[in-house]
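K.L.:
If you read the protein sequences in the order shown, they are chains A and B. Oh and the first sequence: position 180 is 179 in numbering that gives the first Met the number 0, straight run, nothing missing. Oh and the second sequence: position 352 is 351 in numbering that gives the first Met the number 0, straight run, nothing missing.
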Amino acid sequence: MYFKEIIGQQAVKTHLIKTVKQGHVSHALLFTGGVGNGKLPLALAFAGYIFCENKSETDRCGKCAACKKMDVLGHPDLHFSFPFVKTTSIKTCNPQMREFISTVAKDPYLDLRDWELQIASENKKSIITADESNEIVKRLTLKSFAGGHKILIIWHADKLNPSAQNKLLKTLEEPEPKTLIILVTDSAEDLLPTINSRTQLVQCEHISDEVMANALVERFDTDRTNALNIARIADGDYAKAKKMVAANQSTSKYFELFSQWMRAAATNDYYKILTACDKISKLSRDEQQNFLEYGLQFFHQSILYAYVGKEQARFDNEAAGFAVKFAPFMVSNDLAGFHDILSDGHYMVKRNVNAHLLFMKMGSDMAKLFKTRTPQHNS
Amino acid sequence: MKFIITSTDLLKRLQTVSGVLSTNNTLPILDNFLLELDTNQLTISASDLETTMITTVEVKAEEQGSIAVPARLLLDYLKTLPEQPLTFTIDEATLGVEISSSYGKSKLAGFTADEFPKNPEMDDPSSVMVTSEVLSEAIQKTIFATGNDDLRPVMSGIFCEFSSDELRFVATDAHKLVRYTRRDAKADKTASFIVPKKPLNLLKSILASSTADVNMEFDGKNLKLSFEGNVVIARLIDGKYPNYEAVIPKDNPNRMLVARAALLGSIRRVSIFSNKTTHQVRLRISGSELSVSAEDLDFSNEANERLSCSYEGDDMEIGFNSRFLIEMLNNLDTEDVELQLSAPNRAGILVPVNTDNAEEDILMLVMPVMLNA
């Protein structure tokens, strides 16, 4: 990974390069910011820049021995730790280290859910265990191989469970000289305050729609309008945008189900609600969560559409057609009601509530809300 | 490139270096042997990043070149062959390796040698020449006392403290400590470093069958040992070793001289009846009699044995973990040992008496356990 391959993040890049040039690299950094905005690629590029024997003002050289090894993420002083699904035989990252490295080398904008799906069955949640924390300490035990820095990147550090975090405190506070620990997380607030206070925060920016669309046009075979559409929906998440470009219809599946479900609820047709629920409950639990997130997003955009105007809403063309009819329903005092139904549902899916029962109840709750509403046009 | 070598010769060399191969390497290239040919000299390397081992062997060849070859495949194949000359033909462009034996041909695919991590050149190393006997003795006597605690990695290795007067090797796990000093080997300047267990265990087995002199070279990061065409490079442990001298009690008025084998036998027998979690044995010394006892209240097991000893000091009673005592007594060779004590809550020191080697100084320390009155 090179700095030049990273989408956006110009300010962070400049800052990181400056710290290296001035020799002020902190021993523990916490890369945080929105989902999918390229924190791991930044961490990799930064590590590569530190290792490089012949660095320029803006990037690593790509020619020295260290850079050759970084191209395949095979530098002996680069260590990783990442969430994995714990089983009786897998207690640390080690068994999956190679798979992780080759996956990340191929696609540094890796999404946690995709990684979970790759390593285990879809309903399993991944964590970083206390055993892995012990491994981390062990990995950093020896002096660096090449004689320079040794760098550990913990991907999705928020997945460290509390006892694993506590085991890292001593190492984070005072590692041996020339040791750099980079924690990468979407949600720094999920980390213990004792971890937060031991690290230097590097806030990664949100990728703007413009920059994202440019990157999509450059890297994929897609036209600018479509790229901009996708960038709007992805909302700064490059991993998601890339997937949407690749699949070209992943949200359209959710859209179809969601519009069907909403139409059924709005017309108070319980047979149709039941049919929609049958389809939704066939999705995997992760997909159901995604689906509900999509629904919440749709509500949010509809409100924007109704109140602010359609230019501000992030809809693709297909959804915009539905939103014309749907958005007026959102102009109501009972917005909170719709929102609560979906977000409670999201919570319950997480807690393994029976999907069919849950979606049926949500459908009927919404039907009740729709009944008390008549569409209002905001003029 | 092309070379000819006898199968058993190659197998022997490969098996020596294969000790460092590890099953869960993070880098795929580390599952390979690195073969480097430089007219008649074939250098074979294996590494797990922690330890690198290199050996050189004479072969029939005229060219130069290098390649990385899958280790398991090559080892498994060579094990099945009776002694015979093998011809290796390597195409460095396609990385194909062809092995011709008297039975036929086999082919396998190698990797480019550039991918194999190279140990950096040592940065202004200091060096010491020691005999393999000194080194293997030092490892043998200390390695059992190293710790396994992940949270204190510095204690999982052997601390080497070299000076212009003596070489000192220290190992401790916070319950027991061994300090092994040799005055018959000296370094040109003062240096100290911590060597991890894995390369030392490897060396222990290789050095056992060797009589050669070992050249130890070290800088702040690596330790390099060269002997008989073999080179072992170990990465050192990063960190500061605890100040072990501070825990060795200086003033020990109570001294007991006892036959080592008799004491070891007694503790072995008695410890069987001790509590299975604490392994506690009680030493009661009065006059010239030592009584060793243990009890397990949960199962009403108890044992008591008496030994004669020569003792100067006040009568005392002290408890130890029997497993530590057994390990330590096992690692001493003298007929008699001296146990130096000060108080029941202070560490006990075990030293050999009348050693054959005047240049050797061994001190073993063991922490006592609380005896409930």
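Backbone N, C-alpha and C fix where the C-beta goes; we use that ideal spot for every residue, glycine too.
First and last residue of the beta strand (DSSP E) that includes residue 90 of chain B?
P.N.:
In the second sequence, the residue the question calls residue 90 of chain B occupies position 91. It spans 84-90 - the beta strand (DSSP E) in which residue 90 of chain B sits, taken as one unbroken run.
K.L.:
Name the chain B residues that come within less than 8 Å of residue 100 of chain A, Cβ to Cβ?
P.N.:
Here residue 100 of chain A refers to the residue found at position 101 when the first sequence is read from its first residue. Neighbours of residue 100 of chain A on chain B, chain order: 25.
K.L.:
Classify residue 74 of chain A as buried or exposed, calling it buried when 16 or more other Cβ atoms lie within 10 Å of its own Cβ.
P.N.:
As a first step, residue 74 of chain A is located in the first sequence; it is residue number 75 there, counting from the start. The residue is buried, with at least 16 neighbouring Cβ atoms inside 10 Å.
K.L.:
Can you tell me whether DSSP reads residue 327 of chain A as helix, strand or coil?
P.N.:
Here residue 327 of chain A is taken as the residue at index 328 of the first sequence, counted from 1. Three-state result, residue 327 of chain A: helix.
K.L.:
Tell me, please, which residues DSSP counts as bridged to residue 255 of chain B.
P.N.:
The count along the second sequence starts at 1 and reaches residue 255 of chain B at position 256. Answer is B/310, B/338, bridged to residue 255 of chain B.
K.L.:
Give a yes or no on whether the minimum CB-CB distance between residue 146 of chain A and chain E is below 8 Å.
P.N.:
Included in the structure are the protein chains A and B, with no chain E among them.
K.L.:
What is the DSSP secondary structure of residue 371 of chain A, counted as helix, strand or coil?
P.N.:
Residue numbering aside, residue 371 of chain A sits at position 372 when the first sequence is read from its first letter. Three-state DSSP puts residue 371 of chain A in a helix.
K.L.:
Using a Cβ-Cβ cut-off of 7 Å (strictly less than) and excluding sequence neighbours within five positions of residue 358 of chain A, which residues of its own chain qualify?
P.N.:
Along the first sequence, one-based indexing puts residue 358 of chain A at 359. Result list for residue 358 of chain A: 276, 279, 280, in chain order.
K.L.:
Going by Cα to Cα distance, which pick from A/23, A/37, A/337 is closest to residue 239 of chain A?
P.N.:
Looking up residue 239 of chain A in the first sequence gives position 240. Nearest option by C-alpha distance: A/37.
K.L.:
Provide the residue(s) that pair with residue 159 of chain B in DSSP beta bridges, ordered along the chain.
P.N.:
The sequence position of residue 159 of chain B within the second sequence is 160, counting from 1. In the DSSP output, where bridge partners are listed per residue, residue 159 of chain B has B/168, B/192.
K.L.:
By DSSP, does residue 130 of chain B sit in helix, in strand, or in coil?
P.N.:
Walking along the second sequence from the start, residue 130 of chain B turns up at place 131. Residue state, collapsed to three classes: strand.
K.L.:
According to DSSP, simplified to helix, strand and coil, what is residue 102 of chain B?
P.N.:
The residue labelled residue 102 of chain B in the question sits at position 103 within the second sequence. Correct three-state label for residue 102 of chain B: coil.
K.L.:
Would you check if there are 3 or more beta carbon pairs closer than 8 Å linking the stretch 148-156 of chain A to the stretch 166-184 of chain A?
P.N.:
Yes, the stretch 148-156 of chain A touches the stretch 166-184 of chain A.
K.L.:
Is residue 214 of chain B near residue 125 of chain B, with beta carbons less than 8 Å apart?
P.N.:
Taking the first residue of the second sequence as position 1, residue 214 of chain B is located at position 215. Taking the first residue of the second sequence as position 1, residue 125 of chain B is located at position 126. Against a cut-off of 8 Å, the Cβ pair of residue 125 of chain B and residue 214 of chain B comes out as no contact.
K.L.:
Just the C-alpha distance for residue 362 of chain A and residue 223 of chain A, rounded to the nearest angstrom, thanks.
P.N.:
To locate residue 362 of chain A, count along the first sequence from 1; it is residue 363. To locate residue 223 of chain A, count along the first sequence from 1; it is residue 224. Approximately 37 Å, taken between the alpha carbons.
K.L.:
Within 10 angstroms of its Cβ, does residue 320 of chain B collect 16 or more other Cβ (buried), or is it exposed?
P.N.:
Counted from its first residue, the second sequence places residue 320 of chain B at position 321. Result: buried.
K.L.:
Thinking C-beta only, is residue 51 of chain B closer than 8 Å to residue 19 of chain B?
P.N.:
Your numbering for residue 19 of chain B matches position 20 in the second sequence. Your numbering for residue 51 of chain B matches position 52 in the second sequence. Closer than 8 Å, so yes.
K.L.:
Residues of chain B with CB closer than 9 Å to the CB of residue 286 of chain A, please, in chain order.
P.N.:
Within the first sequence, numbered from 1, the residue matching residue 286 of chain A stands at position 287. Ordered by position in chain B, no residue passes the 9 Å Cβ test against residue 286 of chain A, which lies about 33 Å from the chain.
K.L.:
Could you tell me the alpha carbon to alpha carbon distance between residue 240 of chain B and residue 367 of chain B, rounded to whole angstroms?
P.N.:
In the second sequence, the residue the question calls residue 240 of chain B occupies position 241. In the second sequence, the residue the question calls residue 367 of chain B occupies position 368. Whole-angstrom Cα-Cα distance: 23 Å.
K.L.:
Note down the Cα distance separating residue 171 of chain A from residue 170 of chain B, rounded to an integer number of angstroms.
P.N.:
Here residue 171 of chain A corresponds to residue number 172 of the first sequence, with the count starting at 1. Here residue 170 of chain B corresponds to residue number 171 of the second sequence, with the count starting at 1. Approximately 26 Å, taken between the alpha carbons.
K.L.:
Between B/348, B/182, B/134, B/306, which lies nearest to residue 211 of chain B when the distance is taken from Cα to Cα?
P.N.:
As a first step, residue 211 of chain B is located in the second sequence; it is residue number 212 there, counting from the start. That would be B/134, whose Cα lies nearest to the Cα of residue 211 of chain B.
K.L.:
Rounded to a whole number of angstroms, what is the C-alpha to C-alpha distance between residue 90 of chain A and residue 111 of chain A?
P.N.:
Working through the first sequence from its first residue, we reach residue 90 of chain A at position 91. Working through the first sequence from its first residue, we reach residue 111 of chain A at position 112. Rounded to the nearest angstrom, the two C-alpha atoms are 19 Å apart.
K.L.:
Taking the C-alpha atoms as reference points, what is the distance between residue 83 of chain B and residue 26 of chain B?
P.N.:
Within the second sequence, residue 83 of chain B is the residue found at index 84, counting from 1. Within the second sequence, residue 26 of chain B is the residue found at index 27, counting from 1. Near 34 Å, if we compare the C-alpha coordinates of residue 26 of chain B and residue 83 of chain B.
K.L.:
Helix or strand or just coil, what does DSSP make of residue 270 of chain A?
P.N.:
Here the question's residue 270 of chain A lines up with position 271 in the first sequence. Helix, per DSSP.
K.L.:
Under a three-way DSSP split, which group does residue 26 of chain B fall into?
P.N.:
Along the second sequence, one-based indexing puts residue 26 of chain B at 27. Reduced to three states, the DSSP call for residue 26 of chain B is coil.
K.L.:
Would a check of beta-carbon distances place residue 124 of chain B closer than 8 Å to chain A?
P.N.:
Here residue 124 of chain B is taken as the residue at index 125 of the second sequence, counted from 1. For residue 124 of chain B, the answer is no, since every Cβ of chain A falls outside 8 Å of its Cβ.
K.L.:
Kindly list, in the order they appear in chain B, the residues whose Cβ is closer than 8 Å to that of residue 136 of chain A.
P.N.:
Against the first sequence, residue 136 of chain A aligns to sequence position 137. The contacting residues are 149, 150, 152.
K.L.:
Comparing alpha-carbon positions, which option in A/243, A/219, A/208 lies nearest residue 230 of chain A?
P.N.:
The residue given as residue 230 of chain A occupies position 231 in the first sequence. If we check each option's Cα against that of residue 230 of chain A, A/208 comes out closest.
K.L.:
Give me the residue from B/331, B/304, B/182, B/275 with the minimum Cα distance to residue 283 of chain B.
P.N.:
As a working note, residue 283 of chain B is residue 284 in the second sequence. Nearest of B/331, B/304, B/182, B/275 to residue 283 of chain B, Cα basis: B/304.
K.L.:
Jot down the residue ranges of each uninterrupted alpha helix (DSSP H) in the stretch 220-262 of chain A, minimum 4 residues, whole runs only, in chain order.
P.N.:
As far as the stretch 220-262 of chain A is concerned, its whole alpha helix (DSSP H) runs of at least 4 residues are 223-233, 237-246.
K.L.:
I need the boundaries of the alpha helix (DSSP H) containing residue 171 of chain A, first residue and last residue.
P.N.:
To locate residue 171 of chain A, count along the first sequence from 1; it is residue 172. Taken as a continuous stretch (DSSP letters only), the alpha helix (DSSP H) holding residue 171 of chain A covers 161-172.
K.L.:
How many Å lie between residue 289 of chain B and residue 336 of chain B at the Cα?
P.N.:
Mapped onto the second sequence, residue 289 of chain B falls at position 290. Mapped onto the second sequence, residue 336 of chain B falls at position 337. Using only the alpha carbons, I get a separation of about 14 Å.
K.L.:
Under 7 Å Cβ-Cβ, which residues of chain A neighbour residue 49 of chain B?
P.N.:
As a working mapping, residue 49 of chain B is identified with position 50 in the second sequence. Simply 141.
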